[in-house]
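Residue numbers (the working numbering): 19 to 167. First up is the structure itself, then whatever we jot down about it.
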């Protein structure tokens, strides 16, 4: 099963938007992500509905942030994308009358629910501005020449 990478990909795009003044075209974003411009427009359209991005048509058109990075959390983007389950692990329902299967599924459901609640809480605590600051720090370190030995 393929992982759903929409959240990480859109966070990547939004940080780039926050660090560049010019509008980004769907084609440019698609090239950066190695995907199709139609996929980019469809996905960014979900974020546009919530006001996280906006777009302008025409020769100078493109996508830009609709809100400052410090007003957007990872949870906001997760929710805007309509991402379903956090976990790809499924429960066995082959024998719903089996008491062992019921016990296993109850334990797994509780564990998944607890883990998902914790993850969603954490996503709500991290803003895109924090990600951008982390990028800035990593960029500075990467661009600092190593001292000669």
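In this text, a Cβ means the ideal position worked out from N, Cα and C, and glycines have one as well.
As DSSP reads the structure, residue 124 sits in no beta bridge. DSSP places residue 99 in the coil class of the three-state scheme, outside both helix and strand.
Listed in chain order, the non-local C-beta contacts of residue 72 below 7 Å within the same chain comprise 66, 82 and 84, local neighbours out to five positions each way being set aside. The residue from 123, 44 and 164 with its alpha-carbon nearest to that of residue 109 is 123.
Burial is judged here by how many other beta carbons sit within 10 angstroms of a residue's own beta carbon; residue 44 has at least 16 and is buried.
Apart from the 5 residues on each side of it in sequence, residue 141 sits with its Cβ closer than 7 Å to the Cβ of 91, 92, 93 and 96 in its chain, given in chain order. Rounded to whole angstroms, the Cβ separation of residue 34 and residue 42 is 7 Å, and the two are in contact under 8 Å. Going by beta carbons, residue 37 and residue 99 fall outside the 7 Å limit. Nearest in C-alpha terms to residue 107, of all of 127, 114 and 120, is 127. Across the set 27, 63 and 118, the C-alpha of 63 shows the shortest separation from the C-alpha of residue 80.
Sorting 40, 75, 138 and 121 by C-alpha distance to the C-alpha of residue 105 places 138 at the top. If you look at residue 56, you'll find it in the alpha helix (DSSP H) that goes 55 to 67. Counting only the Cα atoms, residue 76 lies some 29 Å from residue 150. The secondary-structure analysis by DSSP pairs residue 74 across a beta bridge with 80.
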